[in-house]
Each structure stands twice: as structure tokens, then as C-alpha cells.
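What follows is a short report on a single structure.
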Amino acid sequence: MVKILVEELGLEVVGGANGLNNKYTGVYISDLLSWVMAKLQPGSIWITIQTHVNIVAVALLAEAACIIIPEGAAIDENTISKANEEGIPLLRSTLTAYQLALKIKELSRLE
Amino acid sequence: MENIKISFDIIQHDFSKAGEASSNIKKVLKQLGIPSDTVRKAAVATYEAEMNIIIHSEGGVIELTVDVDKVKVVAKDKGPGIKDISLAMKEGYSTATSEIRELGFGAGMGLPNMKRCSDCFDIQSSESSPTIVTMIIYLKKAND
Chain A
1 MVKILVEELG LEVVGGANGL NNKYTGVYIS DLLSWVMAKL QPGSIWITIQ THVNIVAVAL
61 LAEAACIIIP EGAAIDENTI SKANEEGIPL LRSTLTAYQL ALKIKELSRL E
Chain B
1001 MENIKISFDI IQHDFSKAGE ASSNIKKVLK QLGIPSDTVR KAAVATYEAE MNIIIHSEGG
1061 VIELTVDVDK VKVVAKDKGP GIKDISLAMK EGYSTATSEI RELGFGAGMG LPNMKRCSDC
1121 FDIQSSESSP TIVTMIIYLK KAND
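These protein sequence lines are chains A and B, in that order. Each step along the first sequence adds one to the number in the working numbering, with nothing skipped, and position 52 is 52. Each step along the second sequence adds one to the number in the working numbering, with nothing skipped, and position 81 is 1081.
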């Protein structure tokens, strides 16, 4: 569950808190939106450095469990409002995408 | 079931509303009880068409038609048209500017994604004329 991920990895919940009960099944890392639309498996955690409002639509349409913005990148205000509106958890970490993936792997081993 | 028809106006370069037409289409299809894999294909195909109209065209319209056996999405723009359709269909080919690419668009996968998600795909265009993309996804019966 995304909520457990937030607690275990110390992620900052920037928006979309009402989707924290979403279940996740894997991780997908990419910043090319069409690539994400084509390849992200439904239920995946999506890690991207893109922070503009359109990532919420992509996450919604591709059925991502949540979005994680790595390396503490700044997030547009309208991206946060859209994530709240659509209930897509928008999370942030100071870790890199690679470090996040390793930690998520470690977490899935413990569960 | 009566045919359901909905259309959405898409405005050139309006990134703030990008994805709204496809999100709405996804919600409508879900409410109609369309199978989730079909809903996802239609949503992805519509999103790519919507982004293409926003990024590359002078604006246009997306029309959704649902009937007993299929979901049809038609994306029409006001131009400027595509000079070489076979080149535009090639994965990785894009005419997007560097500013657009920095936002994660312009991967050159829009049209190939639309084709991949559709059971029937047709594109009509030429230079200085509108582009019309027609995508059909058939609804499989439960006992197929």
C-alpha cells in the first residue's frame, strides 16, 4: 500500500493524500510521457523528475499507484492541486530514482 | 444500447487542460462498464491524440462514439497537416521543439502508441490541410 511506502521511506506527501490506500505492484522510472503511457504497468509506482501539471493526467490514464518526485525537485502549484483533485498521491523524496528503487525493492522483501 | 457521442474541443498550446478530454473519456467508458483493458487502450490512444493536437496543431476536436460492439475515437485538427505520414508514424521521429521535449513530450511515440492501442487505425493528412485520425477498439463479448 502507498501509505506504508510513505511511512517506511519517509516520503513527503505533497498532494493526493486521499489515494494513499492505493496498492502498488511495481516501479517504473521514466521522464518521457509517451513512453510512460506505453510501458507503465497499471498499479506501478511512477518515479519522474517531471513536475508540471500533465504528469497527473499521465498517472491517471496509465493507472499509476502514485507519483514520486526524486531529489527534492520543486513541484508546480497546479500539479499539486490537480493531484488533490484526482486523488493521485504525489510524493517527494530527497533520494535519487535509483536509491528509491533499491529501497522499494528492500521493502517488498520485508513484506 | 443507443450510440453515445461526446465531443471535446482541444485548444492549441493549452497545456493547463492537457489530458482533460482523455480523462473524461476514461470516466465515461468506466461508467458504461466497458472492460478495463479496453478503457485503458482508449484512454492512452485519446491522450496521445489530445497531446498531438495541443502541441502540433492549430486546435481541433476529439469525438468519442460508443456503440454495442466498439469504441471509436476521432481526432480532427485544423491543420497544418503532416507532410510525410510514414515518417511521422516512425517510432522516435518527432518535430517537437526542445522546449516541448524538456517537458517530457516529443518522444516520437504518439502516433505509434495510438496505432498500438487500436484495433483499427487510420490517419488522413497532407501538407496545409487538417489531420484526421480515426481509432476503433472493438468490444469483445464475454463468451469470446
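Think of the CB as a built atom: it goes at the ideal place given N, C-alpha and C, for glycine as much as any other residue.
Mapping the DSSP letters down to three states, classify residue i as helix, strand or coil.
{"i": "A:T48", "result": "coil"}
{"i": "B:K1076", "result": "strand"}
{"i": "A:S93", "result": "coil"}
{"i": "B:E1127", "result": "coil"}
{"i": "B:Y1047", "result": "helix"}
Nearest chain B C-beta to residue i closer than 8 Å, yes or no?
{"i": "A:E63", "result": "yes"}
{"i": "A:V27", "result": "no"}
{"i": "A:W35", "result": "yes"}
Looking at residue j and residue i, is the spacing between their C-beta atoms short of 8 Å?
{"i": "A:S44", "j": "A:A65", "result": "yes"}
{"i": "B:G1060", "j": "B:I1137", "result": "no"}
{"i": "B:K1072", "j": "B:T1065", "result": "yes"}
{"i": "B:I1034", "j": "B:L1139", "result": "yes"}
{"i": "A:Q41", "j": "A:Y28", "result": "yes"}
{"i": "A:L95", "j": "A:L5", "result": "no"}
{"i": "A:I80", "j": "A:L60", "result": "no"}
{"i": "B:V1028", "j": "B:I1006", "result": "yes"}
Determine the burial state of residue i: buried for a count of at least 16 other Cβ atoms within 10 Å of its Cβ, exposed for fewer.
{"i": "B:N1003", "result": "exposed"}
{"i": "A:P70", "result": "buried"}
{"i": "B:I1062", "result": "buried"}
{"i": "B:S1086", "result": "exposed"}
{"i": "A:K105", "result": "exposed"}
{"i": "B:S1016", "result": "exposed"}
{"i": "A:R92", "result": "buried"}
Give a yes or no on whether 8 Å exceeds the smallest Cβ distance from residue i to chain A.
{"i": "B:S1125", "result": "no"}
{"i": "B:Y1047", "result": "yes"}
{"i": "B:L1064", "result": "no"}
{"i": "B:S1057", "result": "no"}
{"i": "B:V1028", "result": "no"}
Might you give, ordered along the chain, the residues of its own chain that have their beta carbon closer than 6 Å to the beta carbon of residue i, omitting 5 neighbours on each side?
{"i": "B:S1094", "result": "G1106, G1108"}
Closer than 8 Å by C-beta to residue i: which residues in its own chain qualify, once you throw out the five before and the five after it? Chain order, please.
{"i": "A:L33", "result": "Q50, N54, I55, V58"}
Can you list, in chain order, the residues of its chain whose CB lies under 7 Å from that of residue i, leaving out five sequence neighbours each side?
{"i": "B:Y1047", "result": "G1019, S1022"}
{"i": "B:I954", "result": "Residue 954 of chain B is absent from the structure shown; chain B starts at 1001 and stops at 1144."}
Can you confirm whether residue i, when its beta carbon is compared against all beta carbons of chain D, has any partner nearer than 8 Å?
{"i": "A:D76", "result": "Judged by its chain identifiers, the structure shown contains no chain D, and its protein chains are A and B."}
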